[in-house]
Amino acid sequence: MRLNDLKPGNKAKIVRLKSGDFLKRRLMEMGLVPGEIVYVEKIAPLGDPIEIIVKNYHLSLRKNEAEIIEVEEVE
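Everything in the sequence shown is counted per the numbering used here, starting at 32 for the first residue and increasing by one.
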């Protein structure tokens, strides 16, 4: 499952990031690392951007950024 598949209110654990070095490094610097829990706060009407919370920080991700983040849903 990918981060962009989640709905607002869902929580998930990051499993891995599947991308080239630049984007992967940029996302990891923002705290999106394997094992971290993310919470989907809201999604814009057309699906872009996706507002998430990670490590108590609010982040906005573009849909193409969220697509490369593999997650597994947690309760």
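From the three backbone atoms N, C-alpha and C, an ideal C-beta is built for every residue, glycine too.
Bridge partners for residue i per DSSP, in chain order?
| i | result |
| --- | --- |
| Ile99 | Paired residues: none, contrary to the question. |
Spatial neighbours of residue i within its chain, please: C-beta separation below 7 Å, excluding the five flanking residues on both sides.
| i | result |
| --- | --- |
| Pro80 | Ser91, Leu92, Arg93 |
| Tyr70 | Lys42, Ile83, Ile84 |
| Met61 | Leu90 |
Below 8 Å CB to CB, which residues in the same chain sit around residue i once its five sequence neighbours on both sides are set aside?
| i | result |
| --- | --- |
| Pro72 | Rather than Pro, the amino acid found at residue 72 in this sequence is Glu. Taken in chain order, the residues that qualify are Pro39, Glu82, Ile83, Ile84, His89. |
| Met32 | Ala43, Glu101, Val102, Glu103, Glu104 |
Give every residue of the same chain whose Cβ lies closer than 6 Å to the Cβ of residue i, excluding the five residues on either side of it in the sequence, and list them in chain order.
| i | result |
| --- | --- |
| Arg47 | Pro65, Glu101 |
Does any residue of chain D bring its CB to less than 7 Å from the CB of residue i?
| i | result |
| --- | --- |
| Glu101 | The question asks about chain D, but that chain is absent: this structure has only one protein chain. |
| Which residue spans inside the region 32-97 form an unbroken alpha helix (DSSP H) run of at least 4? | 52-60, 94-97
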